[in-house]
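In my numbering, the protein residues as written are 3 to 331.
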C-alpha cells in the first residue's frame, strides 16, 4: 500500500487540475454569453463542447495507457500544454464573438441553424483543450494502478474525489470572487498558472514517489482482462446505463440552473451555484465510495440501487421548484 504522505503531491495536483477546469469553464460561459446572447444556450454549447471533448480525450488516452510507463511525466507535460491552450482559447472565443456577429444575421430566424452555429463555433474553439484535459484522470489512474495493484480502484476513487473537490472550490471561488473582481483574461491567466503548479507537483511526485512497487506487466494484464470482459453483453449494458446516468446528470444541471436564473437574474451565477453544489456532492460521494471499496467489492446491484435513489430524488426536486418563490420573495 502506498503511504498516505506520498499521495500528497499527486492529490494536490488533482485538486488544482479540477479547480483549473471549473475556473475556465465559467469564464468561457461568460464569454460565450457575451458572444451568443442567450445564457442557457451559451452554457449548453460550452458544456457540450467541453464534455464531448473530454470524453473523447479520456477514451483516446485510455487506449494508449499500456504504452505509458511514466504517467506523472505525461501528466506534467499535459499541464504545461493546458496552460498554453487556456490562453489561446480565450483569444479564440474573442474571435468567435466577431465571427458569430457576422454570420448569425444571415441565418435569419432559423433557430436550428443558429443553434448549430453556436455549437459548432464552441466545439471548434474548446475541443483542443477539452481533448487534452480528458487525459488527466486516465493518467492519474495509470499511476494509481502502478502504485497499488490490489486496491487501485479505491485509490483512483480518492484521486477523483480530490479532483472533484478542487472543481467545486474553483467553481465557487470563480462565481463569488473571480467573476466579480477580475477581467476574463486575468482569471484565465490565474488558471494557466495553476496548471503549471500542478505540473510541477507531478514532477516532484515522480522524483520522490518510489516506483519499485509498480508491476506494469500485471497492470497491463489486468487491464486487458477487464477490457475483454467489458466487451461482453453485460459490459455493454453497464456502459450504456452509465452513459445515460451522466446524460441525465447534465440535464439536471441545465434545468436547475435555468430555474434558479429566474430568481437570481444572473444565469452564469445560477449555473455556478448549481455546479458548486453538484460537484461537492460528487466529491463527497466519491470519497465515501472509495472508502467503501477498501472493504467491499463493487457490485452491479449497488449501481442499480444508486440509480433508483437518484430517480426518486430527481422527481422530488420538481416539488421543491414550487417552493422557490416562497424562499426568494
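All C-beta atoms in this analysis are idealised placements derived from N, C-alpha and C, irrespective of residue type, glycine included. Computed from a predicted model, the values in this text were never measured in an experiment.
Query                                                                                                                  : Result
Assumed close pair residue 49, residue 165 - CB separation to whole angstroms, cut-off 8 Å                             : Actually they do not touch by this definition, with Cβ atoms about 18 Å apart.
Beta carbon of residue 288 nearer than 9 Å to that of residue 144                                                      : no
Enclosing alpha helix (DSSP H) for residue 177 [first to last residue]                                                 : From DSSP, residue 177 is part of no alpha helix (DSSP H); its letter is neither H nor E.
Where residue 184 sits in the DSSP three-state scheme                                                                  : coil
Continuous alpha helix (DSSP H) stretch holding residue 94: start and end                                              : 73 to 105
Cβ distance (whole Å) where residue 292 is taken to contact residue 163 below 8 Å                                      : 6 Å
Short Cβ contact (9 Å threshold) for residue 21 with residue 196                                                       : yes
Reduced DSSP category for residue 254 - H, G, I as helix; E, B as strand; rest coil                                    : helix
Cβ pair residue 326, residue 241 closer than 9 Å                                                                       : no
Cβ-Cβ distance between residue 33 and residue 193 below 9 Å                                                            : no
Integer-rounded CB distance, given that residue 270 should sit under 8 Å from residue 31                               : 6 Å
Endpoints, the alpha helix (DSSP H) within which residue 142 is located                                                : 138 to 149
Beta-carbon gap between residue 64 and residue 140 smaller than 9 Å                                                    : yes
Spatial distance of residue 98 from residue 35 (CA atoms)                                                              : 11 Å
Coarse secondary structure for residue 325, derived from DSSP in three states                                          : coil
Nearest neighbour of residue 260, chosen from 19, 29, 44 [CA to CA]                                                    : 44
CA nearest to the CA of residue 178, picked from 126, 29, 324, 283                                                     : 29
Same chain, Cβ closer than 7 Å to residue 57, neighbours up to 5 away in sequence not counted                          : 136
Spatial neighbours of residue 283 in its chain, beta-carbon cut-off 8 Å, leaving aside the 5 residues before and after : none
Expected contact under 8 Å - CB spacing of residue 2 and residue 102 to nearest Å                                      : The displayed coordinates of the chain run from 3 to 331. Any statement about residue 2 would go beyond what the structure contains.
As assigned by DSSP and simplified to three states, the class of residue 296                                           : coil
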